[in-house]
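In the working numbering, the protein residues as written are 2 to 402. Quick reminder that beta carbons are idealized off the backbone N, C-alpha and C, glycines included. Only a predicted model underlies this, so the values are computations on that prediction, with no experimental measurement involved. To keep things clear, I will list the structure first and then write my remarks on it.
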Amino acid sequence: MAKVLVIGAGGVGSVAVHKMAMNPGIFSEIALASRTKSKCDAIAASVKARTGRDVATYQIDADDVAATTALIAEVKPVLVVNLALPYQDLSIMDACLAAGVNYMDTANYEPREEAKFEYKWQWAYQERFKEAGLTALLGSGFDPGVTSVFAMWLKKHKLDTIRTLDILDCNGGDHGQAFATNFNPEINIREVTAPARHWENGEWIETPAMSVKHSFDFEQVGPKNMYLMYHEELESLARFLPEMERARFWMTFGDAYITHLTVLQNVGMTRIDPVIYEGKEIIPLQFLKAVLPEPASLGATTKGKTNIGDIATGTKDGVEKTFYIYNICDHEEAYAETGNQAVSYTTGVPAMIGAAMLVQGIWSGAGVFNMEQFDPDPFMDMLNAHGLPWQVKELDGPVQF
Ligand code: NDP
């Protein structure tokens, strides 16, 4: 029985709060704060209608450490679940330290002025959380999050060592729009237009964005083109599975998405440096976000499935084996349950589960932790029980791409 404060009322925050409300034995009280309070109130109304539970709502600008500290002191949660944007990670961690409360998020810190996400800024909080006797859990979404837990589960149960790891993220959903992103457009486009990077023989290999592609036949989705990308869990996986020779991340994109993005890039609309427009500084990508559909608005029309998982090759008792572990999530089922599409659902459910691990003391410790550092089993059990069932199968051999 624990009180939590969720910050961020987007699609991910909405799913996490709905799922917390469905588990009153774990989350006895839920508070939700965000920059726009009306979004918190809309989520609270949906939660009330679906579960009968109350969610207390607050307005907060989480870039303001003093105001966030005061809010945490007023609400008195045991855990703050940061589901705002990566830009707020450090200010919310600072507020948690000042208020003496545990911290969790789903995406690593990224400075606004540079599309560069790295754990170094958050890992630098290790000593402060440790000295305060508080826990900070980083990256409890799907990717990062479940993809790391999948890898650690394979290492615990199926393989003695992991030699190569490929993370495959497929969204086979169709939202009926010419161009839209399934989570925050600014964060999504910064991620997709950044150079690809993968881990190979102890170093990062960089290739131009979207320059390496392969087709893969995803169960219940069909064949899709997937592109090599950098993704933040590669950094923590390379740290906690140092035996890996190679770790890569792939994400599927349709041709129409790539064509739109290429045009937007070519005309300068994805720039993140300020330009002067009618005497005022604007960031082109932020303006683009303002004219694109809100990801939360896509839920009602999105059909199809996501299929996200890991393929790992390694040895078990000296014999080489390859396993594929994955979850398939249906957009329409996710929408029926929480009012949000599957990309928000696949992130919000693991956020709820990570919070459940912490507030029940199943995962504990003083300091800053990644998902790889805890026992995967209780987390994997909750995935099966709370809407993201997974499957594992042995493949004939290593990936051929
Ligand atoms: P949205 O843009 O839909 O929602 C973000 C929310 O945060 C909005 O309610 C926004 O408020 C609020 N917010 C933004 N800035 C502030 C601030 N300064 N203070 C308080 N609240 C603020 O994003 P998503 O729900 O799609 O994503 C949420 C997080 O989840 C992101 O960090 C994203 O990177 C991460 N994510 C992680 C994934 C994973 O698998 N690990 C996958 C997908 C997303 P307002 O409405 O006023 O703008």
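Taking contact to mean at least 3 C-beta pairs separated by less than 8 angstroms, is the segment 274-284 in contact with the segment 305-323? no
Report the residue from Gly269, Met21, Leu91 and Val292 whose alpha carbon sits nearest the alpha carbon of Asp65. For the purposes of this step, residue 65 is identified with residue 64 of the sequence shown, where counting begins at 1. Among Gly269, Met21, Leu91 and Val292, the Cα nearest to that of Asp65 belongs to Leu91.
With a CB to CB cut of under 8 angstroms and the five nearest residues on each side skipped, what residues in its chain are close to Pro196? Residue 196 sits at position 195 when you count from the first residue of the sequence shown. Only Glu207, Thr208, Pro209, Ala210 and Tyr231 meet the Cβ criterion.
Are Asn357 and Thr307 touching if we call contact CB-CB under 8 angstroms? Within the sequence shown, numbered from 1, the residue matching residue 357 stands at position 356. Within the sequence shown, numbered from 1, the residue matching residue 307 stands at position 306. Residue 357 is actually Ala in this sequence, not Asn. Cβ distance not < 8 angstroms, so Ala357 and Thr307 don't count as in contact.
Could you spell out the range, first to last residue, of the alpha helix (DSSP H) harbouring Gly355? Here the question's residue 355 lines up with position 354 in the sequence shown. Residues Ala343 to Val360.
Please specify which runs of the beta strand (DSSP E), each continuous and at least 3 residues long, are wholly inside the segment 197-262, giving them in chain order. Fully enclosed beta strand (DSSP E) runs of 3 or longer: 197-201, 204-208, 214-219, 223-230 and 247-253.
Keeping to the same chain, check which residues put their C-beta closer than 6 angstroms to that of Gly349; ignore five residues upstream and five downstream. Taking the sequence shown and counting its residues from 1, one reaches residue 349 at position 348. Here the set comprises Val13, Val16 and Ala17.
Whole-angstrom Cβ separation of Trp122 and Val369, contact assumed at under 8 angstroms? Start at 1 with the first residue of the sequence shown, and residue 122 comes out as number 121. Start at 1 with the first residue of the sequence shown, and residue 369 comes out as number 368. Actually they are not in contact, since the Cβ atoms of Trp122 and Val369 sit about 11 angstroms apart, beyond 8 angstroms.
According to the Cβ coordinates, are Ile190 and Leu242 closer than 8 angstroms? Along the sequence shown, read from residue 1 onward, the residue named residue 190 stands at position 189. Along the sequence shown, read from residue 1 onward, the residue named residue 242 stands at position 241. The answer is no: Cβ separation not under 8 angstroms.
How long is the line joining the alpha carbons of Asn202 and Glu244, rounded to whole angstroms? As a first step, residue 202 is located in the sequence shown; it is residue number 201 there, counting from the start. As a first step, residue 244 is located in the sequence shown; it is residue number 243 there, counting from the start. Taking the straight line joining both Cα atoms gives about 9 angstroms.
Rounded to the nearest angstrom, how far is the Cβ of Met372 from that of Gly146, given a contact under 8 angstroms? By 1-based counting over the sequence shown, the position of residue 372 is 371. By 1-based counting over the sequence shown, the position of residue 146 is 145. Cβ atoms of Met372 and Gly146 come within 8 angstroms of each other, at about 6 angstroms.
How far does the beta strand (DSSP E) with Ile326 in it extend, from its first residue to its last? Reading the sequence shown from its first residue, position 325 is the one you call residue 326. Looking at the DSSP string, the run of the beta strand (DSSP E) that includes Ile326 is Val320 to Asp331.
What are the boundary residues of the alpha helix (DSSP H) that includes Asp65? On the sequence shown, position 64 is the one that residue 65 refers to. Note, Asp65: premise wrong, no alpha helix (DSSP H); not H, not E.
On the DSSP letters alone, give me the boundaries of the alpha helix (DSSP H) that Ala386 sits inside. By one-based count along the sequence shown, residue 386 stands at place 385. Its alpha helix (DSSP H) spans residues Pro377 to Ala386.
Buried versus exposed, by CB contacts within 10 Å (16 or more), Thr136: Your numbering for residue 136 matches position 135 in the sequence shown. When all chains shown are included, Thr136 counts as buried.
According to DSSP, is Phe143 helix, strand or coil? For the purposes of this step, residue 143 is taken as residue 142 along the sequence shown, with counting starting at 1. Of the three classes helix, strand and coil, the one that applies to Phe143 here is coil, per DSSP.
On the three-pair Cβ rule with 8 angstroms, is the segment 142-158 touching the segment 210-230? Segments in contact, no.
Given a cut-off of 8 angstroms on the beta-carbon distance, is the pair Asn328 and Trp391 in contact? The residue given as residue 328 occupies position 327 in the sequence shown. The residue given as residue 391 occupies position 390 in the sequence shown. Yes, these two residues count as a Cβ contact at 8 angstroms.
Range of the contiguous alpha helix (DSSP H) that encloses Asn189: As a first step, residue 189 must be located in the sequence shown, where it is residue number 188. Pro186 to Thr194 is the span of the alpha helix (DSSP H), which, as asked, contains Asn189.
Roughly how many whole angstroms lie between the Cα atoms of Pro87 and Ala63? Position 86 of the sequence shown, counted from the first residue, corresponds to residue 87. Position 62 of the sequence shown, counted from the first residue, corresponds to residue 63. Each residue's Cα considered, the two are about 11 angstroms apart.
Does the contact criterion of 3 or more C-beta pairs under 8 angstroms hold for the segment 293-305 versus the segment 156-170? Three or more beta-carbon pairs separated by less than 8 angstroms are not found between the segment 293-305 and the segment 156-170, which leaves the two stretches without contact.
Where DSSP assigns a beta bridge to Phe370, which residues make up the other side? Within the sequence shown, the letter at position 369 stands for residue 370. Its beta-bridge partners are Leu138.
List, from N- to C-terminal side, the beta strand (DSSP E) runs of 3 residues or more that fit wholly inside the segment 70-128. 80-83 and 103-106
If I'm right that Cys330 touches Thr303 with Cβ under 8 angstroms, what's the distance once you round it to whole angstroms? Against the sequence shown, residue 330 aligns to sequence position 329. Against the sequence shown, residue 303 aligns to sequence position 302. No, Cys330 and Thr303 are not in contact; Cβ-Cβ is about 11 angstroms, not under 8 angstroms.
Exposed or buried, Ser365, counting other C-beta atoms within 10 Å across all chains shown (16 or more means buried)? Counting from one through the sequence shown, the residue named residue 365 turns up at place 364. Counting Cβ neighbours within 10 Å, Ser365 comes out exposed, since fewer than 16 surround it.
Burial state of Phe402 (16 or more Cβ within 10 Å): The residue labelled residue 402 in the question sits at position 401 within the sequence shown. Flag for Phe402 reads exposed.
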